[in-house]
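Numbering (the numbering used here), first residue to last: 4 to 426.
Just so it is clear, CB atoms sit at the ideal spot from N, CA and C, and this is done for glycine as well.
Keep in mind that this is a model prediction, so the values were computed, not measured.
For reference, the structure is listed below as structure tokens.
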Amino acid sequence: MQNSPLTAKVRKDFPILKREIHGHPLAYLDNAATTQKPKCVIDALVNFYEKHNSNISRGVYTLAEEATEIYEDGRETVAKFIGAADSGKIIFSRGTTESINLIAAAWIQPKLKAGDRIIVTEMEHHSNLVPWQLAAQTSGAELLYWPINLESEKSGIGSLDLQKFEEMLKDATKIKQGIRLLAVTAVSNVLGTVNPIAEIVKIAHSHGVPVLVDAAQAAARMPIDVARWDCDFLAFSGHKIYGPTGIGVLYVKNERLEEMQPFQGGGGMIRQVNRQTSTWADAPQKFEAGTPPVAEVYGLTAAVEYLSDIGMQEIQQHEIELTNHALKRFAEFNDLELYGPQDINSRSGVLSFNLRNVHPHDVAQVLDESGIGVRAGHHCTQVLHKRLGIVASVRMSFGLYNNTSEIDLLISELDRCRQLFIE
Ligand code: PLP
Numbered sequence: 004m005q006n007s008p009l010t011a012k013v014r015k016d017f018p019i020l021k022r023e024i025h026g027h028p029l030a031y032l033d034n035a036a037t038t039q040k041p042k043c044v045i046d047a048l049v050n051f052y053e054k055h056n057s058n059i060s061r062g063v064y065t066l067a068e069e070a071t072e073i074y075e076d077g078r079e080t081v082a083k084f085i086g087a088a089d090s091g092k093i094i095f096s097r098g099t100t101e102s103i104n105l106i107a108a109a110w111i112q113p114k115l116k117a118g119d120r121i122i123v124t125e126m127e128h129h130s131n132l133v134p135w136q137l138a139a140q141t142s143g144a145e146l147l148y149w150p151i152n153l154e155s156e157k158s159g160i161g162s163l164d165l166q167k168f169e170e171m172l173k174d175a176t177k178i179k180q181g182i183r184l185l186a187v188t189a190v191s192n193v194l195g196t197v198n199p200i201a202e203i204v205k206i207a208h209s210h211g212v213p214v215l216v217d218a219a220q221a222a223a224r225m226p227i228d229v230a231r232w233d234c235d236f237l238a239f240s241g242h243k244i245y246g247p248t249g250i251g252v253l254y255v256k257n258e259r260l261e262e263m264q265p266f267q268g269g270g271g272m273i274r275q276v277n278r279q280t281s282t283w284a285d286a287p288q289k290f291e292a293g294t295p296p297v298a299e300v301y302g303l304t305a306a307v308e309y310l311s312d313i314g315m316q317e318i319q320q321h322e323i324e325l326t327n328h329a330l331k332r333f334a335e336f337n338d339l340e341l342y343g344p345q346d347i348n349s350r351s352g353v354l355s356f357n358l359r360n361v362h363p364h365d366v367a368q369v370l371d372e373s374g375i376g377v378r379a380g381h382h383c384t385q386v387l388h389k390r391l392g393i394v395a396s397v398r399m400s401f402g403l404y405n406n407t408s409e410i411d412l413l414i415s416e417l418d419r420c421r422q423l424f425i426e
């Protein structure tokens, strides 16, 4: 097995990698869907329930104080991880999807009017499309699509053309259309495209348009700095950054917090409850009704500390090396269509492809027989798949424990697909 110094160091931290699937070592290449968990994250969950379990903020006894500290320390750790310590607040949610729905319900919906527009890109995950559709439908607003580039060599296939975005904003100004938000992913969960978020935000802000960044894929793959990016909102999920399921992060810039209505009503988010009306706690508690996911925050904190100890730059470099290897190997075959940028500088380690004349589900099933886990389908991006002129694709996506041998294994198993389904 060809392990880089990073994989050699980290593979032993992930108990699941000892598993065999159909008599073969597990080659887990579905990290865009969810990541595996290091022992420190699993231990944190057990440790919380064995030693600290209590509800937060509602007791003055030791366990309740410990649980509250764990929860609030987690908030601080996450804020540091994404460079948010001074610029805004961290709100905990159940995941990226809930974080985006929170902004759709608590921030944009109350202010949307008929004729308003929300700009989304053609590469968005359904989680960053459907909440805006729902908000728009109640007010007569509409979604405008920033198209992906399918031709220009300069910008790269599957990328976003910044000039096109400027034109959309200028056209909207000419006809006095209110653009209320740009919702854009930092990394595409299909094309692997890495979008230039800081530049995009600068253009959007110069036209008075706030920006929500979907960092579901980016958070595990590169350093994030919300203060430098200057985005208004940013969302990601714990389970995609080696943490537990059921925990998500929403970053909100300080100046946007005042514009937000409560998302859900209940305990913990109020200051005073009267018979007919109530007043609200300050942010972030105002947006965290009910008993929060304390154990999950503890697990997420362990994941963030684990990633920070390794270093996000090193993780990004490892992914670049794996992606380079995969791009070179893919280029050997002319019956393999890869979607997304070919240029390593504008893509990440999420690679979707099709093998000519073989259905993606068949490919995924054959790969599973050799212990390889990849995803097949539309990956919650039906708008993008339609734009690409396909209904489904196979997706291989890297995590920090993957190595080049696993990519080579996948490539050789594609041969078996050809033998089974074509020849
Ligand atoms: N956005 C992107 C780019 C994603 O890849 C995903 C999940 O695959 C999501 C949003 C939704 O994340 P979750 O299901 O954890 O809420």
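- Query: Do A30 and I375 come within 7 Å of each other at the CB atom, strictly closer than that value?
  - Reply: Taking the first residue of the sequence shown as position 1, residue 375 is located at position 372. Taking the first residue of the sequence shown as position 1, residue 30 is located at position 27. I375 places its beta carbon less than 7 Å from that of A30.
- Message: By alpha-carbon positions, which one of T80, E426 and I103 ends up nearest to V255?
- Response: Taking the first residue of the sequence shown as position 1, residue 255 is located at position 252. Considering only alpha carbons, the answer is I103.
- Query: Which runs of the alpha helix (DSSP H), 4 residues or longer, sit entirely within the segment 165 to 192?
  - Reply: 165 to 177
- Out of curiosity, what's the CA-to-CA distance linking I93 and G302? Here the question's residue 93 lines up with position 90 in the sequence shown. Here the question's residue 302 lines up with position 299 in the sequence shown. About 16 Å.
- Message: Quick check: is any heavy atom of the ligand PLP less than 6 Å from the C-beta of A219?
- Response: As a working note, residue 219 is residue 216 in the sequence shown. Yes; taking the cut-off as 6 Å, the Cβ of A219 has a heavy atom of the ligand PLP nearer than that.
- Looking at P213 and L184, is the spacing between their C-beta atoms short of 7 Å? The residue labelled residue 184 in the question sits at position 181 within the sequence shown. The residue labelled residue 213 in the question sits at position 210 within the sequence shown. For L184 and P213, yes; Cβs fall inside 7 Å.
- Task: Using 6 Å as the cut-off, classify the Cβ of G98 as near or not near the heavy atoms of the ligand PLP, replying yes or no.
- Result: If you number the sequence shown from 1, residue 98 lands on position 95. Yes; taking the cut-off as 6 Å, the Cβ of G98 has a heavy atom of the ligand PLP nearer than that.
- Query: For A30, does the three-state DSSP call read helix, strand or coil?
  - Reply: Numbered from 1 along the sequence shown, position 27 holds the residue referred to as residue 30. Of the three classes helix, strand and coil, the one that applies to A30 here is strand, per DSSP.
- Message: Within a Cβ cutoff of 8 Å, which residues of the same chain sit near V394, ignoring the five residues on either side of it in sequence?
- Response: Within the sequence shown, residue 394 is the residue found at index 391, counting from 1. Excluding sequence neighbours, V394 sits near H381 and H388.
- Message: Within a Cβ cutoff of 6 Å, which residues of the same chain sit near S355, ignoring the five residues on either side of it in sequence?
- Response: Taking the first residue of the sequence shown as position 1, residue 355 is located at position 352. The residues are V193, Y342, S396 and R398.
- Message: Using 7 Å as the threshold, is the C-beta distance between V297 and A70 below it?
- Response: Here residue 297 is taken as the residue at index 294 of the sequence shown, counted from 1. Here residue 70 is taken as the residue at index 67 of the sequence shown, counted from 1. In this structure, A70 lies closer than 7 Å to V297 by Cβ.
- Message: Considering only heavy atoms of the ligand PLP, does any lie closer than 6 Å to the CB of N104?
- Response: Within the sequence shown, residue 104 is the residue found at index 101, counting from 1. Not so, every heavy atom of the ligand PLP lies at least 6 Å from the Cβ.
- Message: Cutting at 6 Å between CB atoms, please list the residues of its own chain near A306, excluding the five before and the five after it.
- Response: Position 303 of the sequence shown, counted from the first residue, corresponds to residue 306. V44, I244, Y245 and G246, listed in sequence order.
- Task: Specify the secondary structure class of L146 as computed by DSSP and reduced to three states.
- Result: To locate residue 146, count along the sequence shown from 1; it is residue 143. DSSP places L146 within a strand segment (E or B) once states are collapsed to three.
- Item | For S311, the nearest candidate out of T37, T384, I323 and M225 (CA to CA) | The residue given as residue 311 occupies position 308 in the sequence shown. Comparing Cα positions, the closest option is M225.
- Below 7 Å between beta carbons: does that hold for E125 and V353? Position 122 of the sequence shown, counted from the first residue, corresponds to residue 125. Position 350 of the sequence shown, counted from the first residue, corresponds to residue 353. Not closer than 7 Å, so no.
- Query: Got a sec, what are the start and stop residues for the alpha helix (DSSP H) K12 sits in?
  - Reply: Sequence index remark: in the sequence shown, residue 12 carries index 9 (1-based). Run containing K12: P8 to V13, per the alpha helix (DSSP H) assignment.
- What residue range is occupied by the uninterrupted alpha helix (DSSP H) comprising T100? To locate residue 100, count along the sequence shown from 1; it is residue 97. Note, T100: alpha helix (DSSP H), T99 to I106.
- Enclosing beta strand (DSSP E) for M399 [first to last residue]: Taking the sequence shown and counting its residues from 1, one reaches residue 399 at position 396. Residues S396 to S400.
- Assign P134 to one of two classes, buried (16 or more other C-beta atoms within 10 Å of its C-beta) or exposed (fewer than that). In the sequence shown, residue 134 corresponds to position 131, counting from 1. When all chains shown are included, P134 counts as buried.
- If we ignore side chains and look at the alpha-carbon of each, how far apart do F401 and W283 end up? Counted from its first residue, the sequence shown places residue 401 at position 398. Counted from its first residue, the sequence shown places residue 283 at position 280. Between F401 and W283, the C-alpha separation is close to 42 Å.
- If you draw a straight line from the alpha carbon of L48 to that of A222, how long is it in whole angstroms? Residue mapping note: residue 48 aligns to position 45 of the sequence shown, counting from 1. Residue mapping note: residue 222 aligns to position 219 of the sequence shown, counting from 1. Approximately 21 Å, taken between the alpha carbons.
- Message: Quick test of your reading: A238 and G268, contact by CB under 8 Å. State the CB separation rounded to the nearest angstrom.
- Response: Against the sequence shown, residue 238 aligns to sequence position 235. Against the sequence shown, residue 268 aligns to sequence position 265. With a Cβ gap of about 21 Å, A238 and G268 do not count as contacting.
- Validate contact between the segment 159 to 170 and the segment 363 to 373 using beta carbons, cut 8 Å, 3 pairs: No, they do not touch.
- Under three-state DSSP, which class holds S162? Taking the sequence shown and counting its residues from 1, one reaches residue 162 at position 159. Note: S162 maps to strand in three-state DSSP.
- Confirm, please, whether the CB-CB distance from G86 to A218 is below 7 Å. Here residue 218 is taken as the residue at index 215 of the sequence shown, counted from 1. Here residue 86 is taken as the residue at index 83 of the sequence shown, counted from 1. The answer is no: Cβ separation not under 7 Å.
- Supposed close pair L325, T196 - CB separation, criterion 8 Å: On the sequence shown, residue 325 is found 322 positions in, with the first residue counted as 1. On the sequence shown, residue 196 is found 193 positions in, with the first residue counted as 1. About 17 Å separates the two Cβ atoms, so there is no contact after all.
- Is T294 helix, strand or coil by DSSP? For the purposes of this step, residue 294 is identified with residue 291 of the sequence shown, where counting begins at 1. Coil at T294, not helix or strand.
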